[in-house]
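Only one structure is covered here, and it is reproduced in the block below.
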Amino acid sequence: MTRPTTARSTGETGDTYVPWPDDTAAGTDDDDGDGFTVEDGDCDDADVYVNPGRSENEAEEQRRRQQRQRLPRRLRNGPEVLPRPRRAPARRRQDPRHIVGVDDFGDTDWEVLSWTTPP
């Protein structure tokens with residue numbers, strides 16, 4: 209009988225085991241997928257935007273950009289079309305004469321010096 213090539217004998221007992229990859233080395237996994245591990249200097253391996261190759265300002269700007277993208281487009285970019293200005297409501301036609309000046313000449317009654325009529 210031939211033994212499978214992946215199993216090894218432990219020696220005296222005859223038990224077999226399958227070798228697993230060495231996953232005991234800490235920091236070899238890149239949990240956030242940014243290409244940097246804890247051994248490479250990634251201080252927050254749960255956040256893809258925090259790594260040694262990115263400044264803090266870039267990371268903060270990326271977070272803000274991501275939050276803006278989650279908003280609906282109308283809130284993200286503001287109104288796409290500005291509202292058209294409305295016309296003022298029509299006014300009733302007023303008296304065409306305008307008072308230019310008023311003087312009382314020291315009296316208690318006021319007098320109109322002149323008036324104009326708009327063209």
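The numbers in the working numbering rise by one with no breaks, and the one at position 23 of the sequence shown is 231.
Ideal Cβ positions, reconstructed from N, Cα and C, are used throughout, including at glycine.
Predicted model, so just to flag it, every value in this text is computed and none were measured.
- About 7 Å separates the CB atoms of D238 and F244; that is less than 8 Å, so the two are in contact.
- DSSP places R273 within a helical segment (H, G or I) once states are collapsed to three.
- Looking at the backbone, the Cα of D255 and that of R278 are separated by about 18 Å.
- Excluding residues up to 5 positions away in sequence, V256, N259 lie with their Cβ nearer than 6 Å to the Cβ of D242 in the same chain.
- When secondary structure is reduced to three states using DSSP, R278 falls in the helix class.
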